[in-house]
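All remarks here apply to the structure that follows.
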Amino acid sequence: GSVTVVPYSGKQIEFSEDGVYSEDEQLRYMVSNGKLIIQFRKSGLAWNFFKSSGNKNLTVKIPEKTTELLNSVDIEAVSANVDVSGIKPHDMSVSTTSGEINLENAECFEVSLETVSGRIKTSDVSANDFSLESVSGDCVLSGSFGDIDAESVSGDFEFVSSSCPGKIDCSTVSGSIKVTIPENDGF
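Here this note's numbering = 1-based position in the sequence shown + 7.
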């Protein structure tokens, strides 16, 4: 399945899903303390190997003006790709198991991206503090980063920053690290 978060010209947050098979497997949502929580399906349902619900795709549309007012966006997914574009919360955290993360055209103070066995890709992302973890996926990152903290077991890192980061702390066990910054930008 997938999770997609995008801005749009409307006035309310909208979300929709496809690939739903039964009422118990329809998404659930609630607002608690000013926080929108969307769940994959009814809580407490056991996963049945022989009667799998198949793929489900969730799309969340956030009004363009609201994207700049968000304090945080926190996305947790399992076996799903996560695509986020055009939003500007203060903090953003995205984690997925067995899925890719694609983040583009985003402005945040703090960004945290984590995947176990998927690729991470960013383009045109601005973040003061940028951290990522990947067990076995490659990471290709493009944007403007203040501090970078990255860790991988068997993935490659490629950072292309439009400004010289204040700090870069990267480690990988069996991958490579490549960092590109503008010429004569304070390094």
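Beta carbons are placed, not taken as given, at the ideal position from N, Cα and C, and that holds for glycine.
Opening and closing residue of the beta strand (DSSP E) in which residue i lies
i           : result
residue 128 : 127 to 141
residue 112 : 108 to 122
Residue i - DSSP class collapsed to helix/strand/coil
i           : result
residue 176 : strand
residue 145 : coil
residue 25  : strand
residue 78  : coil
residue 190 : coil
residue 31  : helix
Same chain, Cβ closer than 6 Å to residue i, five either side skipped, listed in chain order
i          : result
residue 21 : 68
residue 11 : 66 and 90
residue 80 : 96 and 99
residue 15 : 68
Residue i, buried or exposed, once every other Cβ within 10 Å from all chains shown has been counted against 16
i           : result
residue 140 : buried
residue 159 : buried
residue 85  : exposed
residue 148 : buried
Beta-carbon gap between residue i and residue j smaller than 8 Å
i           : j           : result
residue 74  : residue 87  : no
residue 185 : residue 152 : no
residue 117 : residue 134 : yes
Sequence-distant residues of the same chain with beta carbon closer than 8 Å to residue i, five excluded per side
i           : result
residue 205 : Outside the displayed span of the chain (8 to 194) sits residue 205, for which this structure offers no information.
Residue span of the alpha helix (DSSP H) that contains residue i, given as start and end
i          : result
residue 71 : 71 to 74
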